[in-house]
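Each remark here refers to the structure printed beneath this line.
Numbering (our numbering), first residue to last: 1 to 337.
This is the structure in structure tokens:
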């Protein structure tokens with residue numbers, strides 16, 4: 001059985017390993033042991049904290065294979081999106097009034113914009129290659145919405161996801177090379193290292209004036225709103241959950257931003273809570289539901305539930321054990337697709 005649970009200090013070594021193995025550009029998964037340790041501590045404190053409205057809480061989770069004890073991935077939720085860690089360009093069209101048919105009248109430009117403040121953020125999604133099968137990536141990503149559904153007062157009314165932009169096999173960001181590097185002469189690898197170490201503030205890099213899109217080389221223009229190859233499935237999954245791509249891109253590598261009101265996220269609005277009974281009989285083997293308990297001692301897994309009525313459900317003993325549930329407890333469930 002594979003579950004999602006809150007991260008703990010015993011997971012630190014693999015958390016550090018995965019931060020270095022993850023694709024360059026995941027800013028909420030910094031490549032530094034001390035910073036990652038601090039994130040684990042803050043996450044543990046957030047789960048224990050008595051919260052009535054979201055503030056600086058951060059909730060990190062891991063995917064654990066209960067049969068081996070191995071950790072296969074990680075993900076997180078930031079209760080209050082921190083604008084100081086982000087900077088976006090808005091793609092903006094300016095009208096150039098002229099009667100000359102040879103002169104372009106709609107001129108696209110990039111204009112710095114303040115990131116959305118009133119939102120929570122899903123972040124730090126990483127799944128080890130050996131666990132990229134059987135819908136485990138989907139479980140890892142969507143389990144966060146089951147947690148939000150059970151504890152909505154801990155989060156803002158909107159959820160944002162900043163997706164990694166396009167970075168080639170040589171770890172070069174065409175967008176950064178053509179835009180940001182003119183103001184900060186570091187490679188993208190060097191830049192991310194400085195950001196991880198806290199020696200560069202993102203907001204100090206760019207001038208405040210707009211940048212005309214037509215002056216950028218084609219490879220930079222093509223990178224605007226384009227995701228890293230490994231991120232494309234995550235973008236599609238979020239869109240199917242109800243997220244929309246907004247007209248803003250990351251100022252460093254041009255990656256897209258997605259946002260959704262909590263009231264439109266499928267795994268939140270379609271999930272239901274019932275009281276469980278437990279059977280020792282085995283169901284036909286199928287993982288057609290995402291299942292979780294409703295407590296702060298969060299557990300989630302893929303599995304099956306027999307929905308007996310609007311208030312009752314039946315699960316197998318192994319699922320109950322994995323989710324730390326006993327007869328009469330409440331379970332949250334939603335279709336896996």
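C-beta atoms are modelled at their ideal positions from N, C-alpha and C, and glycine is treated no differently.
Contact under 8 angstroms by Cβ, residue i with residue j
i           : j           : result
residue 183 : residue 206 : yes
residue 163 : residue 119 : no
residue 159 : residue 122 : yes
residue 215 : residue 2   : no
residue 62  : residue 73  : yes
residue 79  : residue 5   : no
residue 157 : residue 261 : yes
residue 36  : residue 15  : yes
residue 291 : residue 331 : yes
residue 91  : residue 115 : no
residue 323 : residue 293 : yes
residue 141 : residue 175 : no
residue 77  : residue 11  : no
residue 237 : residue 138 : yes
residue 204 : residue 32  : no
Identity of the residue in the options nearest residue i by Cα
i           : options               : result
residue 180 : 100, 110 and 270      : 110
residue 276 : 306, 67 and 9         : 306
residue 335 : 129, 143 and 15       : 143
residue 81  : 67, 59 and 198        : 59
residue 278 : 287, 321, 8 and 246   : 321
residue 296 : 18, 51 and 36         : 51
residue 220 : 172, 330, 47 and 65   : 172
residue 218 : 177, 229, 186 and 238 : 177
residue 338 : 124, 333 and 46       : Nothing can be reported for residue 338, as the shown portion of the chain is limited to 1 through 337.
residue 213 : 83, 84, 94 and 56     : 94
residue 83  : 211, 185, 56 and 129  : 56
residue 309 : 151, 17 and 272       : 272
residue 54  : 75, 152, 66 and 13    : 152
residue 286 : 134, 247 and 168      : 134
residue 65  : 106, 337, 130 and 105 : 130
residue 186 : 246, 252 and 228      : 252
residue 18  : 67, 128, 34 and 105   : 128
Own chain, CB closer than 6 angstroms to residue i, minus 5 neighbours either side, in chain order
i           : result
residue 231 : 163 and 164
residue 200 : 194
Close-in-space but distant-in-sequence residues of the same chain around residue i (CB under 7 angstroms, 5 per side omitted)
i           : result
residue 190 : none
residue 211 : 109, 110 and 179
Cβ-based neighbour list, residue i, same chain, cut-off 8 angstroms, excluding 5 preceding and 5 following
i           : result
residue 226 : 165, 166, 254, 255 and 256
residue 208 : 112
residue 270 : 334 and 335
residue 284 : 304
Nearest-angstrom Cβ-Cβ length linking residue i and residue j, presumed shorter than 8 angstroms
i           : j           : result
residue 89  : residue 249 : 5 angstroms
residue 274 : residue 326 : Going by Cβ atoms, the distance from residue 274 to residue 326 rounds to 15 angstroms, so no, they are not a contact pair.
residue 44  : residue 8   : 7 angstroms
residue 147 : residue 298 : 5 angstroms
residue 304 : residue 288 : 6 angstroms
residue 126 : residue 22  : 4 angstroms
residue 258 : residue 161 : 5 angstroms
On the three-pair Cβ rule with 8 angstroms, is the segment 241-249 touching the segment 264-280?
yes
Spell out a yes or no on whether the segment 84-100 and the segment 39-53 are touching, meaning 3 or more CB-CB pairs, one atom from each, closer than 8 angstroms.
no
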